[in-house]
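Protein chains in written order, with the working numbering: chain A, 1 to 200; chain B, 1 to 650.
Heads up, the beta-carbon is just placed ideally off N, CA and C, and yes, glycines get one too.
Fair warning: this is a prediction, and the values are worked out from it, not measured in the lab.
Inspection log for the structure reproduced underneath, given as structure tokens.
Have a look at this one:
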């Protein structure tokens, strides 16, 4: 039993450490603005599937075909050629404030050449079920703790059961270290009670 | 070898735990039970939790606590007089601090449910061997599945109720151990578990008189007092402020109830015997007493037999009393912590009946782990609501954390800053979203909207088969069952600048106050069960913003505050369908007008559940797309009404 408890505790500590590291990465990612987002290499597979698909070929303006696709960090450039050798280009970039016109769900779509080529952009855009833009990888995560802000955040509680203490009857607040000490002690006591209850 | 059948009872400890091989088989069978329990929990709870106002309130608390402002008091209870301790919220905050995501917590809570199944099985085994263990676990799981169907117990919501059955099972197991072995340590530990459980959810209060009786069984009056004292002190130390407040409230609770009764001339909630678990508990208690009386018990029944029955009995008394006094309405959810006890009672009843039929058969079956293995096999096959059904149980599917991620990505892709979007969002889950984003996004900067920023964004989930083919509907994410959709409309209404008043029941009229963007969050009266009156909101209408006009529609949703259009002025605008619909249409030279909405707070159509202390829900849609969207909502209304009628008939 003692061995079991020691092994479980060690595993719990390892789990907590790994979670803490994961959280640090998540926090770093959360601080990245949309303009900094980049396209990961996996995007290529989705794009390839679209441009090789029959559906797109049918929707293309007559006489036009896709010549090449370039996937860069910030954009996807699709070059198309017409029957007479004329060239057109569809550029799928990051969606910004001005990107409402001709924009898809995830990309802004800029077409050079016949307007009908925008179908290429729309098809590629529709092929992504989730946002393809990912935060860039940074070597050292820089953590910035938000400034301590006493008292409740956000608007007044909206559940049938009010959560946060109301104005005028505000109870004592205390730092999280105190709360966490209590949690750790209670987890330890409940674990002991559980082990003891199972012991026959 | 012949076995004297008349001596075979569970209480005699028959059959013995036997050889090491037998014990190993039993341990294996209990692990199977644990696995099956997890499978069942996962099928019901799914991979990601759903968001409800309560979990979003928890989120606010977590954020506040992470910023070094933690409280001893947590969520308010259903009775409005008492308050839960903050233990569970501190637990969630701690997990968040070390980096455990909400998804991981959800899976952990599913494992906790599996543990409560196994603990119930073990408690059943201690009294009625493997037949009792298997039946107890099955019955407990069956009751949980029944509760999950009417959402009294939502298995996909990371809320304090998810751990209640676990604490109930652990408390029961320790109490059985204490009475069987006359162990003071077990009694003390059960008191500690009870104290912590009470701070997680106040419904554990019924355990206090129960532990006193268990103490009487262990070492008499002194031990009874010790049990109560330990539970009280634990409750005090782990959440002293909630404890003190609740004690003060409990002391005044009866006078308050009488006051409320005298004021309204009736009990606030009344007491009706229409409750599944209340009736089940009474029937099981009766059956339990009968089988113990009828069974041929040598030397009478041992105290451990009575432990689950006493726990359930006090629970029934508490719920009936509180309901009679108008403190709470009788609801299945108040029985969560005694479900393991009800399961164990079911196990004992089955064992005793088996024993009455044939002592040898009872011995034969109880001496093998087969009942436990059978229970493990049948557990995931119990009729239970699937995760995807639960997610869509109230007409509109619930939001999940994954939806929130999609939503955030969508907002970012729009390039809007968050506060602007938050104040623009209106929809079935709008207050939830507002709350969620206001809380989680501390990076966003406040930005007062310019007059042209009049876009409203309706976000809701629809079942895939309900999605209409309209150009204005944007599908943000989709799973095999439902989709997160958005409708973005340019509003004709002055959504950041309106007039508000609350006409109380005895008042002839009310005076309007001007609400602007800065005070939009605090302008609406706080929700309360005693809040009554007609809430009126008046917007200016700018017909020049869209000369094609708009359609206003107010769907009747079970979990929302439903209202009416009270008045309309300008152009050829008109009210239709008894105030549920209005057409905003320019006409002549008029460029502006006004529209007034009304919500009867505290009425059946707008209960304390439905009103969230923010702008209630209505739709403003473009003429050409409006019909399709309104059609969906009308269909959802029918589904909800059908479900409600089906539920009440059932």
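Using the beta-carbon count (16 or more within 10 Å), is residue i buried or exposed?
i             : result
residue 33/B  : buried
residue 530/B : exposed
residue 119/A : buried
residue 519/B : exposed
residue 126/A : exposed
residue 399/B : buried
residue 63/A  : exposed
residue 118/B : buried
residue 84/A  : exposed
residue 172/A : exposed
residue 87/B  : buried
residue 294/B : exposed
residue 464/B : exposed
Excluding sequence positions up to five away, which residues of its chain have a Cβ less than 7 Å from the Cβ of residue i?
i             : result
residue 663/B : Chain B is shown only over 1 to 650; residue 663/B falls outside these bounds and no answer can be derived.
residue 192/B : 230 and 234
residue 575/B : 565, 568 and 582
residue 145/A : In this prediction, residue 145/A has a pLDDT of 31, which is less than 50 and means its spatial position is unreliable; nothing more can be read from the coordinates.
residue 186/B : 174, 177 and 178
residue 201/B : 84, 160, 161 and 164
Under the DSSP definition of a beta bridge, which residues are partnered with residue i?
i             : result
residue 599/B : 535/B
residue 65/A  : 81/A
residue 541/B : 493/B and 593/B
residue 499/B : 514/B and 538/B
residue 478/B : 483/B
residue 567/B : 596/B
residue 136/B : DSSP lists no partner for residue 136/B.
residue 108/A : 93/A and 103/A
residue 134/A : 38/A
Can you list, in chain order, the residues of its chain with a C-beta nearer than 6 Å to that of residue i? Leave out the 5 residues immediately preceding and following it.
i             : result
residue 273/B : Confidence at residue 273/B is low in this model, with a pLDDT of 40, below 50, so its placement is unreliable and no value can be given for it.
residue 222/B : none
residue 497/B : 516
residue 402/B : 48
Give me, in chain order, the residues of the same chain whose beta-carbon lies closer than 8 Å to that of residue i; leave out the 5 immediate sequence neighbours on both sides.
i             : result
residue 504/B : 510, 532 and 533
residue 103/A : 95 and 109
Assign residue i to one of three DSSP states: helix, strand, or coil.
i             : result
residue 512/B : coil
residue 561/B : coil
residue 151/B : coil
residue 48/B  : coil
residue 467/B : coil
residue 85/B  : strand
residue 199/A : coil
residue 581/B : strand
residue 635/B : helix
residue 29/B  : helix
residue 440/B : Residue placement at residue 440/B is flagged as unreliable, the pLDDT there being 45, under the threshold of 50; the coordinate-derived value follows with that caveat. The answer is helix: DSSP assigns residue 440/B an H, G or I state.
residue 319/B : helix
residue 484/B : strand
residue 98/B  : coil
residue 446/B : The pLDDT assigned to residue 446/B is 44, lower than 50, so where the model puts this residue is not dependable; a value taken from the coordinates is nonetheless given after this. In this structure, residue 446/B counts as coil in the three-state DSSP scheme.
residue 109/B : helix
residue 158/B : coil
residue 167/B : helix
residue 325/B : coil
residue 458/B : strand
residue 333/B : helix
residue 530/B : coil
residue 128/A : coil
residue 179/B : helix
Quick check: is any heavy atom of the ligand GTP less than 7 Å from the C-beta of residue i?
i             : result
residue 192/A : For the ligand GTP, the structure offers nothing, since it holds no ligand at all.
Per the contact definition of three or more C-beta pairs closer than 8 Å, is the stretch 126-142 of chain B in contact with the stretch 56-67 of chain B? no
So, does the stretch 330-346 of chain B touch the stretch 144-157 of chain B, judging by three or more C-beta pairs under 8 Å? yes
Under 8 Å, with one C-beta from each stretch per pair, do the stretch 396-411 of chain B and the stretch 165-184 of chain B reach the 3-pair mark? no
Closer than 8 Å is the cut-off here; do at least three beta carbon pairs connect the stretch 374-391 of chain B with the stretch 479-487 of chain B? yes
Validate contact between the stretch 207-216 of chain B and the stretch 82-102 of chain B using beta carbons, cut 8 Å, 3 pairs: no
Say whether the stretch 301-308 of chain B touches the stretch 178-195 of chain B, bearing in mind that this needs 3 or more beta-carbon pairs closer than 8 Å, one atom from each stretch. yes
For the stretch 279-287 of chain B against the stretch 313-324 of chain B, are there 3 or more C-beta pairs whose distance is under 8 Å? yes
Check whether the stretch 18-32 of chain B and the stretch 343-358 of chain B touch, using three or more Cβ-Cβ pairs below 8 Å as the test. no
Are three or more beta carbon pairs between the stretch 371-386 of chain B and the stretch 66-86 of chain A nearer than 8 Å? no
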